[in-house]
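Novice: Quick one: this structure, given as structure tokens, is what I'll be asking you about.
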Amino acid sequence: MKICPFDEKVARFVRRRQWHPTQEIKRVEGGVELTMEVAGTVELLSWVLGFGDKAEVLEPESLREEIAAELARTVQRYQVRQQ
Numbered sequence: 465m466k467i468c469p470f471d472e473k474v475a476r477f478v479r480r481r482q483w484h485p486t487q488e489i490k491r492v493e494g495g496v497e498l499t500m501e502v503a504g505t506v507e508l509l510s511w512v513l514g515f516g517d518k519a520e521v522l523e524p525e526s527l528r529e530e531i532a533a534e535l536a537r538t539v540q541r542y543q544v545r546q547q
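Spelled out as structure tokens, the structure:
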């Protein structure tokens with residue numbers, strides 16, 4: 465899995481912790497890139513969403529699609545209700 469970048473606003477927080485034994489973190493323009501090898505992505509969905517617009521999953525594509533679908537449902541929930 466590759467998340468790139470974590471925005472500079474959260475990069476310090478991301479660098480401070482070991483999130484996974486296989487993680488690799490490197491500086492990139494605008495923040496840091498985190499790469500790790502994971503067996504599944506179930507827990508990662510809510511973890512990444514917790515960073516809001518300060519993180520973007522680049523791969524796997526399936527996790528990107530899950531996050532996009534979750535965000536679309538969230539936007540729909542918060543649309544202005546018609547009276």
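In the numbering used here, each number is its position in the sequence shown, counted from 1, plus 464.
All residues carry an ideal CB built from backbone N, CA and C; glycine is no exception.
Could you check the C-alpha separation between E488 and E497 for me, to the nearest Å?
Specialist: E488 and E497: Cα-Cα distance of roughly 8 angstroms.
Novice: Which class does F515 belong to by DSSP, given the choice of helix, strand or coil?
Specialist: F515: coil per DSSP, three-state reduction.
Novice: Kindly give me the distance between the Cβ atoms of D471 and G494, rounded to whole angstroms, as I take these residues to be in contact under 8 angstroms.
Specialist: Yes, they are in contact, since the Cβ atoms of D471 and G494 sit about 7 angstroms apart, within 8 angstroms.
Novice: For the ligand SAH, I want to know if E520 counts as a neighbour, meaning its beta carbon is within less than 8 angstroms of at least one of the ligand's heavy atoms.
Specialist: The ligand content of the structure shown is nil, which means the ligand SAH is not present either.
Novice: If we count the other Cβ atoms within 10 Å of its Cβ and call it buried at 16 or more, is P485 buried or exposed?
Specialist: With fewer than 16 Cβ atoms within 10 Å of its Cβ, P485 is classed as exposed.
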